[in-house]
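K.L.:
Sharing a structure below in structure tokens format, with a few things to ask.
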């Protein structure tokens, strides 16, 4: 039992000592870039098991929940302490995959809006790696319009019955609990009829379907909720006031690995590792070709700028010089940057970008990355939404006219019943 | 006197024979790219005089107004004949500068909407090079919103009194007559209160001010009309129906050098001459630098595509497969292309793009071109307007909400009375 | 594709369009992902009956074009292949047919017959892995004569449908000149290694030729004198690829416009958002430009015009670059659904991506354009 | 510019901002177009009293920074120079001051004094016309020793305010190393040829040095040992140029946002059109990114961090490229009026355009970044 918060330096030293002594070493590249998409279900389950163990190790060593209040099993320390921990993890294994969305936004929302009981039940379990969470937020028909949720929750005494469908959940099939945004009132404008619930994922009423992406990845899922019963004690925030929660939810979501609740080795780049741009040029035999050099330089430039921009805006928000909305700025830049850098990698691969053999090494599969290029401009809120936020909330330009703002949600135009199939058809 | 229209081949042969025999030879580069902006007033007047003489030569030789009906002094032939003539002018002098806007859109509008008397008075004079015309269309406050004209025409018996200001007129100071769009009714929506007039430019009520562009060019003028009297006989089309004329007016304006009324050597590129891209790379000593080669290739590619696109859309409109609105497609492409190719030229100039001496040859002044880069995206209707036309008129997407469509023009919001000065100020 | 087609051209296009819609609908395409060849032989044979392999072959050799402009006609088919992301070795077979059909004195009649009938596939071994390996002057595969035999040594990649081909038309170097040889795929010394591809149905192989010995009559055309013919074949191939990509662009554009009208966000159709409208305007412009430059290139090649080489590289560079950006923007406008395997958009994105990467990336064609510009100037 | 400034930093910035607004308002800038120097000597002298030339000089040499980070402080001034498109040899004088201030053992006290006092200008002769002429290792101007004299031969361009400078700090090559020499502009063998520039007030000259002979003590620092110092000066200059451009970007952005709110089209303010709103969002993002990377580069150079070289080239490449596109989009949004001489926008466009072109275009800096990446890998 320490008395009074430990200073950052000594915390940092303890963290480094512990990491060196107890953490298995790991090749940083293990965590780099988009997570590998070519794992079998078994391999993936094994990885998740391993990460739960790692999280447990962190908890038992007293390095879990650095910024989480002590009454919920955390350390009650500061973001600087978290940064110190992140700095100590270079070269060691850590539970990288289960950080997002479990610790941010889910844990963040629990801490901000959860009842005392909810927090005492779930926060320690999360810190021990026993509960992995994900977010039931986006819907198939919803696109960028998160507040247009159609999943309904109908009250029946002290419980609620949920029906609907959610999509774009990462690893729902191996997660335990979830945060869910549902519509509880159809007779008021859309932002005023939402409520947030928490529910266990593995129960009869929830069918989880894994979505295959065009590159073969199956990281995303779609859930179908049928008469799912949720006790009112598992409601987060007030009835019909869910959007208040939703706004913070999306703020924490945008923070991603910048969140003070997330443990992530600062040595690990969460973007496509820059060094590999020159590796691509080398493999393509174009290291001396100025136009290849310019592509390598441009890609590296964009990654560096993206990092510095994230820092600047993060500090500005922290210092309250900027509003939370400013998080849309690095989000936009990272999105367009990731699309461009994947294109550059594809460009450097040349013909090998179109067809390759395993022997082509780093040049192989750059074409598949290119096919998925827009991921970074779509996931976690599209770049279009970010541009709306920046122009309207930050620059104060007139809001787009939306036909759903002042009308009861049930009267909002939803387009042709025959929703487009996206089939080439005949 | 030929009887029956002459066939294209024999016309073409006559044209070539005449050009060879009577037309002075000319270096095509004389006409290439943006017209030179560094002429003194005297030099420019001399050039215009020369072009009037040339036009007169064409008229007397029977090669003026190929597609103009014979009763107005033209030849009453077809666009194919005009193309044949254009093909015959390679390497010879011709009145390049006075073609636009005199022959298109002005002559085109006269032929389409003019009264018999107006046509008999002005068309032959134009063909003889005695009347140079320009268009009083855009206004300082108007930007892209041409139909929002504030220049007013008030009827007084059989004449009208015009007051207001027009801008972006090319060479108004050396032109003779003009086509003018004015507001004759403020109590109806904007499109229904406009009327078109023709008037001589050099008269007491009209003050012509030459605008200096940031590169020193003074080709554009602004006119201030004060109590200008125009007889009703100089009205074009019906009162308050001026927009019907305006729509065609802007169509002919978009055609530019593609108009069958315009005589322009087909050998002369109206864009920045492609050959010079490689000349720039050579002058910069980067002919063997792949990244310079890519810039040269990109610029050339864009010019070639722009030409082929113009052809395709022109044919499509001619064959009525496409609506007139499709002219917005090549307009958009040419605009973005010219901005990009000027940037490439600047890029190839390297440091010389920022500062140079006369000894730097083709590399000199590329920086000034770059400063004026957006000209092609602004002049003759902005690329933004072209995109609106394409999406709304061609793809049939919902029109932008305009707050000026169904209200009397005098009630249309016009923004802060304090119009922005565009000054850095204190 | 031109606005105005002759009656024959229209029916050629429509017959193929109908056939593709019926025989290779999207579900079929998804099934073909697992198929070793990427297409059914019967599908190809019937397709050949619709003229898929005959347009670049002179009438007297069993082929025949509709309009005299064989390549122009062939781009109509390529366009439909693009619109349907259709399977099958369309480009290599047509190149092989053009090569054998142009042979003078006449030879290799039987392989050409089988090709025209669709009963056999011949693929073209042109590209090599070296940076210059997409230009005739950059080819290094060695073709030499040893007594009564012609000997081939070298590696070609990527080679489409090599494992389905009975013969390979190999373009290689003989000293200062180029030679083309018709090599039976099962000839001793020929080995194939399968490659992966971004496309669902197009398959590629690495073809290795190690001391492959054939009788001299395996040579197509003149030993060491095939340079011009190879350059011509390359132009044909590039134009067909561009036309196919434009077809895919067109279909993706149509799908995305439809989506923009049907999909509502914040109570409004996507098509009512100005920022999207303007992106559609750009895409429409690129699409029309793609048609314009591809048709121009086809016409120039058909006419043997002096600017054919430039137009071909302009088409390849423009369609490759803008086609890719356009398809990606279609994905962006669709959102997450556009990245899923169940959605059809990626079938088109794959085809455009593949065509952009083979036979020289836009970057190489931009350099080629510059090269031609300099030559022209120095002339 | 950082969000949080110290009290001293804020007052430094504000004093200069006020001074520039009062002494060189836009009408004055337009008048200066005809001025041979592009600025008034008195304007510069008074500016020097505000600390314009002292921030990169150690306290003991008569200078002094506010925060210890001299370059970070200097970027605050550069930022204001950009916002006001201000005249005067800000960058060359600061580079010269940094060079003389860093000299060890101490020398050239008087020229440094005059420079700090603003009573004299010293310009930096660094760039040469060759493609590699913007990199220290690419310099070719010859500096050799002949008895008791140092001899300079070569051509430098562009050299800012050369005709106003009493001395020129010339960076040249001595065998394998670099040497810097302080050359009186009136020394025999020195000739100046005026250049034209895109900027209204910044003036450049071609400086030719033909067998220019000076006593050995004209050498600044060590003969042949100035490589690291020259590289450092280049980094200082690049960061100052980037900071100035970001200031100009910021001002242009502010002007254009104001215009978008005030200007009505079709009865609506421009700021209500989504397509424009999204372009403003991009511009805002580029502007913040420009601030972020320039401040990072300044901090890295001040701290002598290992990634300083990379950050400097990243700042130069990013601000050069995106600054240019951003200013041009501001012009586009203004429409024709934005292309007129009477409008103020071009004053900022000129400055960003000039800074993008001198000391290496973005293209050269992209290559430099790649070079550094490869070195780093091979380490």
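Chains as they are written, first to last, in this note's numbering: chain S, 136 to 561; chain P, 136 to 561; chain H, 29 to 407; chain F, 29 to 407.
We put the CB at the ideal spot given by N, CA and C, even for glycine.
From a predicted model like this one, the values you see are computed outputs, not experimental measurements.
Pick helix, strand or coil for residue 350 of chain P, following the three-state DSSP scheme.
P.N.:
The answer is coil: DSSP assigns residue 350 of chain P none of H, G, I, E or B.
K.L.:
Taking Cβ-Cβ distances shorter than 8 angstroms, what residues in chain H pair up with residue 428 of chain P?
P.N.:
Simply 394, 395, 398, 399.
K.L.:
At 3 residues or longer, and completely inside the stretch 227 to 301 of chain P: list those beta strand (DSSP E) runs for me, N to C.
P.N.:
Complete beta strand (DSSP E) runs here, min 3: 268 to 271, 287 to 291.
K.L.:
Excluding five sequence neighbours on each side, which residues of the same chain lie with their C-beta closer than 6 angstroms to the C-beta of residue 507 of chain S?
P.N.:
Excluding sequence neighbours, residue 507 of chain S sits near 350.
K.L.:
Residue 183 of chain P CB to nearest chain H CB: under 7 angstroms?
P.N.:
Not closer than 7 angstroms to any Cβ of chain H, the Cβ of residue 183 of chain P fails to qualify, so no.
K.L.:
Please list, in chain order, the chain H residues whose beta carbon lies closer than 7 angstroms to that of residue 302 of chain F.
P.N.:
Under the 7 angstroms cutoff, chain H gives 301, 302, 303.
K.L.:
Count the other CB atoms within 10 Å of the CB of residue 383 of chain F; is the residue buried (16 or more) or exposed (fewer)?
P.N.:
Burial call: buried.
K.L.:
Cβ closer than 7 angstroms: which chain P residues qualify as neighbours of residue 378 of chain F?
P.N.:
Those are 506, listed as they occur along chain P.
K.L.:
Could one say the Cβ of residue 306 of chain H lies closer than 7 angstroms to chain F's Cβ atoms, at least one of them?
P.N.:
By this cut-off, residue 306 of chain H is an interface position.
K.L.:
Return the Cβ separation of residue 219 of chain S and residue 147 of chain S in integer angstroms, given the expectation that the two are a contact with Cβ distance under 8 angstroms.
P.N.:
Contact flag correct, Cβ pair sits at about 4 angstroms.
K.L.:
Hey, out of H:236, H:254, H:202, H:142, whose CA is closest to residue 174 of chain H's CA?
P.N.:
For the residues H:236, H:254, H:202, H:142, the minimum Cα distance to residue 174 of chain H belongs to H:202.
K.L.:
Classify residue 362 of chain P as helix, strand or coil using the three-state DSSP reduction.
P.N.:
Note: residue 362 of chain P maps to strand in three-state DSSP.
K.L.:
Taking residue 64 of chain F as the reference, give the member of F:232, F:165, F:55 with the closest Cα.
P.N.:
The candidate whose alpha carbon is nearest that of residue 64 of chain F is F:232.
K.L.:
Measure from the C-beta of residue 420 of chain P to each C-beta in chain H and report whether the shortest distance is under 7 angstroms.
P.N.:
No - not a single Cβ of chain H is within 7 angstroms of the one on residue 420 of chain P.
K.L.:
For residue 428 of chain S and residue 342 of chain H, I'd like the C-alpha separation in whole angstroms.
P.N.:
When rounded, the distance between both Cα atoms is 24 angstroms.
K.L.:
Kindly identify the DSSP beta-bridge partner or partners of residue 232 of chain F.
P.N.:
For residue 232 of chain F, which the question treats as bridged, DSSP gives the partners F:188.
K.L.:
At a cut of 8 angstroms, does the stretch 279 to 294 of chain F reach the stretch 351 to 367 of chain F through at least three beta carbon pairs?
P.N.:
Short answer: they touch.
K.L.:
Residues of chain S with CB closer than 7 angstroms to the CB of residue 424 of chain P, please, in chain order.
P.N.:
Near residue 424 of chain P (Cβ distances below 7 angstroms), the residues of chain S are 425.
K.L.:
With distances taken Cα to Cα, identify the nearest neighbour of residue 239 of chain S among S:225, S:141, S:442, S:383.
P.N.:
Among S:225, S:141, S:442, S:383, the Cα nearest to that of residue 239 of chain S is on S:383.
K.L.:
Three-state secondary structure (DSSP) at residue 241 of chain H?
P.N.:
In the structure shown, residue 241 of chain H sits in a strand (DSSP, three-state: E or B).
K.L.:
Should residue 437 of chain P and residue 381 of chain P be called a contact, given that it needs their Cβ atoms to be closer than 7 angstroms?
P.N.:
Contact flag unset, no.
K.L.:
Along the chain, which unbroken stretches of the beta strand (DSSP E) at least 3 residues long are found entirely within the stretch 456 to 489 of chain S?
P.N.:
DSSP runs (the beta strand (DSSP E)) wholly in the stretch 456 to 489 of chain S: none.
K.L.:
What are the start and end residues of each continuous alpha helix (DSSP H) run of 4 or more residues lying completely inside the stretch 96 to 142 of chain H, in chain order?
P.N.:
If we require 4 residues or more, the alpha helix (DSSP H) runs fully inside the stretch 96 to 142 of chain H come out as 98 to 111, 118 to 130.
K.L.:
For the stretch 508 to 540 of chain P, which residues have a beta carbon sitting closer than 7 angstroms to at least one beta carbon of chain S?
P.N.:
Those residues of the stretch 508 to 540 of chain P that come within reach of chain S (Cβ to Cβ, closer than 7 angstroms) are 536.
K.L.:
Counting only beta-carbon separations shorter than 7 angstroms, does residue 432 of chain P have a partner in chain H?
P.N.:
Chain H, which has a Cβ nearer than 7 angstroms to the Cβ of residue 432 of chain P, makes this yes.
K.L.:
Report yes or no: do the stretch 62 to 76 of chain F and the stretch 177 to 192 of chain F share at least 3 C-beta pairs separated by less than 8 angstroms?
P.N.:
Because the criterion of three Cβ pairs below 8 angstroms is met, the stretch 62 to 76 of chain F and the stretch 177 to 192 of chain F touch.
K.L.:
Which two residues bound the contiguous alpha helix (DSSP H) that contains residue 444 of chain S?
P.N.:
That run of the alpha helix (DSSP H) goes 425 to 453.
K.L.:
Taking 8 angstroms as the cut-off, does the stretch 390 to 404 of chain S touch the stretch 238 to 253 of chain S (at least 3 CB pairs, one atom from each stretch)?
P.N.:
Yes, since at least three Cβ pairs between the stretch 238 to 253 of chain S and the stretch 390 to 404 of chain S fall closer than 8 angstroms, the two stretches touch.
K.L.:
Confirm, please, whether the CB-CB distance from residue 358 of chain S to residue 343 of chain S is below 7 angstroms.
P.N.:
For residue 343 of chain S and residue 358 of chain S, yes; Cβs fall inside 7 angstroms.
K.L.:
Report the rounded CA-to-CA distance for residue 464 of chain P versus residue 298 of chain H, giving the unit in angstroms.
P.N.:
Each residue's Cα considered, the two are about 22 angstroms apart.
K.L.:
Check whether the Cβ atoms of residue 255 of chain H and residue 206 of chain H sit closer than 7 angstroms, and answer yes or no.
P.N.:
Taking 7 angstroms as the Cβ cut-off, residue 255 of chain H and residue 206 of chain H qualify as a contacting pair.
K.L.:
Between which residues of its own chain and residue 517 of chain S is the CB-CB distance below 7 angstroms, once the five residues before and five after are set aside?
P.N.:
279, listed in sequence order.
K.L.:
Quick one: which chain H residues come within Cβ less than 8 angstroms of residue 503 of chain S?
P.N.:
The answer, in chain order, is 226.
K.L.:
Rounded C-beta distance between residue 208 of chain F and residue 249 of chain F? I'm assuming under 8 angstroms.
P.N.:
That pair is a contact at about 6 angstroms.
K.L.:
Can you tell me whether DSSP reads residue 332 of chain P as helix, strand or coil?
P.N.:
Three-state DSSP puts residue 332 of chain P in a strand.
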